[in-house]
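Chains as they are written, first to last, in the numbering used here: chain A, 2 to 178; chain B, 589 to 1066.
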């Protein structure tokens, strides 16, 4: 009997990581896999070199399990990371004869320009006005640098901005990055 | 004429019967197989005592409790599979199925896989092994290099070219081409199957019956069927073509024109005509090549190109809800214009080939000469030597693992024994000191009675509506 499915169309055109891995020796250790949605979204290559994949062999549809691999995202190597999205049907295996294409593309990726930003930031205008009025009431002296604060950057794996502590340039709130 | 007669006789059932089996020459000699070294393991004390059937059944009963196999147990059992009779072969397949689902089965151990494959071959259960190897997800039998060569050799010796080709497809799917002996034997199997037992009939899709009732299934998300052109290949023509192409590219011992011819035939069967034309163009333009391809290969490729099915580029795309894997495969076919371009390009390349560049060489004769060459014998010898060194390291590791396993099991048994003794001692002490400790015992029993009485007295209280599930404000301690 032919079956007709009714529902929402899926965004993904691939297989789950575990469906790929269970056909390979050692569950695909050392093989390269990539996510189709990343390959369409970004110019730079993004792929994983699998180090350990443990599928849940009793799960229905073989879509569950844990996995880890060396992550290369947009040409940048993030080291060995856990792969939480292995169950998404978005993965494709890279044939061994095409691996060199991906590796060369990742090596050729130019290093991103590091954003350098000044270390002082002006206070927001209303806050600055309140502080100035307060200073006036208490007859305290203030100058250009009183109502400036030091910038703090929350550094994480995607944010590589650097503070330039040598320049005297300040940034107002309007032009804040 | 004599060669063709011998070829036909070779495939006849008469010669494949046990009486005539030794008429077919085995490809691998004992220098590679190292049967003597392998049989010596049975003299080891830990293998001598094991009865395969009883040990296997004991393992299965213990699995019911522990839900786990120890790799040591599996290795000991695997080395004795050849003693199982055909009616008890199910014990081995059940153990392998359960072992695949255990955590201890990863990483795949070459010594266990070698023992399994060799045990099945020596026990005469090859027919039951082949479906297990094909079902990689459930059984996970990935033969190591040496045992895959032995398996291919046995199948080729029996004249079972179709099944030997199935094993060659498995070699291609794993994409591990470092071991040249395995590449060569898999390629031999593919070529023999291509020449003799391959059924080139194209399988048509089942026609859609318009009167048949459609079953509507509501799902949250309709998954897109994706054809990965590797593990999903079902058509044997494509499998054989891809195997011929990949193996001939990666086998080092072949003459360059032989390798090129096989690649061309492979790509023709696999229906990747644009890639094949590109490769042929590169070879034709390379003026350093004396012979480009064999005439037989060109003829086969031309036949495949002319017979290639096409798709209608203006056909309506299949709706999301009806799409199947076959529709995805259909999209990879050439359109009539693309096919025409491929044919015209091929004709121009063929006409640009000079007379001496396409020698008339039979593919099967060529592979037989490779198998009889001295380079092959060197490969056999080195293969046998690597096997003996590996085998020694496997046996040493097994001894070490077995000793540690036995100490662990003994320790556990000892702990259980001590626990039982302690329990018995405690009971004995209670009996002996009953009258001394009677007042304590009475207190304990009275407390227990009060607790049960309190539980009985508690009546189930249901608050009126409006006052249920109100959390009392906790008093903060300052």
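Using N, Cα and C, we set each Cβ at its ideal position, and we do this for glycine too.
If the criterion is Cβ atoms closer than 8 Å, does the pair residue i and residue j meet it?
{"i": "residue 833 of chain B", "j": "residue 785 of chain B", "result": "no"}
{"i": "residue 886 of chain B", "j": "residue 927 of chain B", "result": "no"}
{"i": "residue 881 of chain B", "j": "residue 852 of chain B", "result": "yes"}
{"i": "residue 135 of chain A", "j": "residue 166 of chain A", "result": "no"}
{"i": "residue 91 of chain A", "j": "residue 36 of chain A", "result": "yes"}
{"i": "residue 94 of chain A", "j": "residue 32 of chain A", "result": "yes"}
{"i": "residue 835 of chain B", "j": "residue 774 of chain B", "result": "yes"}
{"i": "residue 728 of chain B", "j": "residue 697 of chain B", "result": "no"}
{"i": "residue 615 of chain B", "j": "residue 640 of chain B", "result": "no"}
{"i": "residue 11 of chain A", "j": "residue 917 of chain B", "result": "no"}
{"i": "residue 922 of chain B", "j": "residue 946 of chain B", "result": "no"}
{"i": "residue 73 of chain A", "j": "residue 107 of chain A", "result": "yes"}
{"i": "residue 982 of chain B", "j": "residue 699 of chain B", "result": "yes"}
{"i": "residue 701 of chain B", "j": "residue 732 of chain B", "result": "yes"}
{"i": "residue 746 of chain B", "j": "residue 791 of chain B", "result": "no"}
{"i": "residue 667 of chain B", "j": "residue 690 of chain B", "result": "no"}
{"i": "residue 529 of chain B", "j": "residue 709 of chain B", "result": "In the structure as shown, chain B starts at 589 and stops at 1066, and residue 529 of chain B therefore has no counterpart that could be examined."}
{"i": "residue 24 of chain A", "j": "residue 725 of chain B", "result": "yes"}
{"i": "residue 65 of chain A", "j": "residue 762 of chain B", "result": "no"}
Using a Cβ-Cβ distance under 8 Å, would residue i count as near chain B?
{"i": "residue 230 of chain A", "result": "The question about residue 230 of chain A has no answer, for chain A in this structure spans 2 to 178."}
{"i": "residue 14 of chain A", "result": "yes"}
{"i": "residue 59 of chain A", "result": "yes"}
{"i": "residue 97 of chain A", "result": "yes"}
{"i": "residue 11 of chain A", "result": "yes"}
{"i": "residue 8 of chain A", "result": "yes"}
{"i": "residue 93 of chain A", "result": "yes"}
{"i": "residue 4 of chain A", "result": "yes"}
{"i": "residue 51 of chain A", "result": "no"}
{"i": "residue 90 of chain A", "result": "yes"}
Residue i CB to nearest chain A CB: under 8 Å?
{"i": "residue 824 of chain B", "result": "no"}
{"i": "residue 830 of chain B", "result": "no"}
{"i": "residue 593 of chain B", "result": "Its pLDDT being 48, under 50, residue 593 of chain B is placed unreliably by the model, and nothing is read from it."}
{"i": "residue 697 of chain B", "result": "no"}
{"i": "residue 883 of chain B", "result": "no"}
{"i": "residue 816 of chain B", "result": "yes"}
{"i": "residue 689 of chain B", "result": "yes"}
{"i": "residue 610 of chain B", "result": "In this predicted model, residue 610 of chain B has a pLDDT of only 41, less than 50, meaning its place in the structure is not dependable; the value taken from the coordinates is given anyway. Residue 610 of chain B does not count as touching chain A."}
{"i": "residue 657 of chain B", "result": "no"}
{"i": "residue 872 of chain B", "result": "no"}
{"i": "residue 694 of chain B", "result": "yes"}
{"i": "residue 819 of chain B", "result": "yes"}
Excluding the 5 residues preceding and the 5 following residue i in the sequence, name in chain order all residues of the same chain whose CB lies nearer than 6 Å to its CB.
{"i": "residue 34 of chain A", "result": "49, 92, 94"}
{"i": "residue 971 of chain B", "result": "620, 769"}
{"i": "residue 143 of chain A", "result": "136"}
{"i": "residue 150 of chain A", "result": "122"}
{"i": "residue 815 of chain B", "result": "913, 916, 917"}
{"i": "residue 767 of chain B", "result": "733"}
For residue i, which residues in the same chain have their Cβ closer than 7 Å to its Cβ, ignoring the five residues on either side in sequence?
{"i": "residue 1011 of chain B", "result": "none"}
{"i": "residue 813 of chain B", "result": "911, 912, 913, 916"}
{"i": "residue 1054 of chain B", "result": "none"}
{"i": "residue 976 of chain B", "result": "622, 625"}
{"i": "residue 797 of chain B", "result": "none"}
Suppose the cutoff is 8 Å on Cβ atoms and the five residues either side in sequence are ignored; what does the same chain contact list for residue i look like?
{"i": "residue 919 of chain B", "result": "899"}
{"i": "residue 13 of chain A", "result": "37, 38, 89, 90, 91"}
{"i": "residue 665 of chain B", "result": "638, 640, 643, 644, 647, 680, 683"}
{"i": "residue 964 of chain B", "result": "772, 841, 958"}
Chain-ordered residues of the stretch 922-942 of chain B with a beta carbon less than 7 Å from chain D: Absent here is chain D; the protein component of the structure consists of chains A and B.
Under 8 Å (Cβ pairs) to chain A, residues found in the stretch 970-1001 of chain B: none
Runs of beta strand (DSSP E) wholly within the stretch 7-69 of chain A (minimum 3 residues, chain order): 33-36, 48-56
Proximal residues, the stretch 99-128 of chain A versus chain B, C-beta separation under 9 Å: none
Positions along the stretch 777-794 of chain B whose CB lies within less than 7 Å of some CB in chain A: none
Cβ-based contacts, 7 Å cut-off: residues of the stretch 797-814 of chain B near chain A: Residues 800, 801, 802, 803, 804, 805, 806, 807, 808, 809, 810, 811, 812, 814.
Residues from the stretch 745-762 of chain B in contact with chain A, defined by Cβ distance under 8 Å: Taking 8 Å as the cut-off between beta carbons, the residues of the stretch 745-762 of chain B near chain A are 761, 762, in sequence order.
Inside the stretch 99-168 of chain A only - alpha helix (DSSP H) runs reaching at least 4 residues: Entirely contained in the stretch 99-168 of chain A, the alpha helix (DSSP H) runs reaching 4 residues are, in chain order, 100-109, 126-138.
Chain A contacts made by the stretch 907-920 of chain B, where a contact means CB separation under 8 Å: 908, 909, 910
Contact set between the stretch 21-32 of chain A and chain B, restricted to residues whose Cβ is under 9 Å from the partner: 21, 23, 24, 25, 26, 27, 28, 30, 32
3-residue-minimum beta strand (DSSP E) runs that sit fully inside the stretch 726-814 of chain B, ordered along the chain: 803-810
Chain A contacts from the stretch 715-730 of chain B (Cβ-Cβ distance under 9 Å): 724, 725, 726, 728, 730
Entirely enclosed alpha helix (DSSP H) segments - the stretch 887-955 of chain B, minimum 4 residues: 913-919, 924-940
Residues within the stretch 647-672 of chain B neighbouring chain A, beta-carbon criterion of under 7 Å: none
Segments of 4+ residues assigned as alpha helix (DSSP H) that fall wholly inside the stretch 651-711 of chain B: 659-666, 677-688, 698-711
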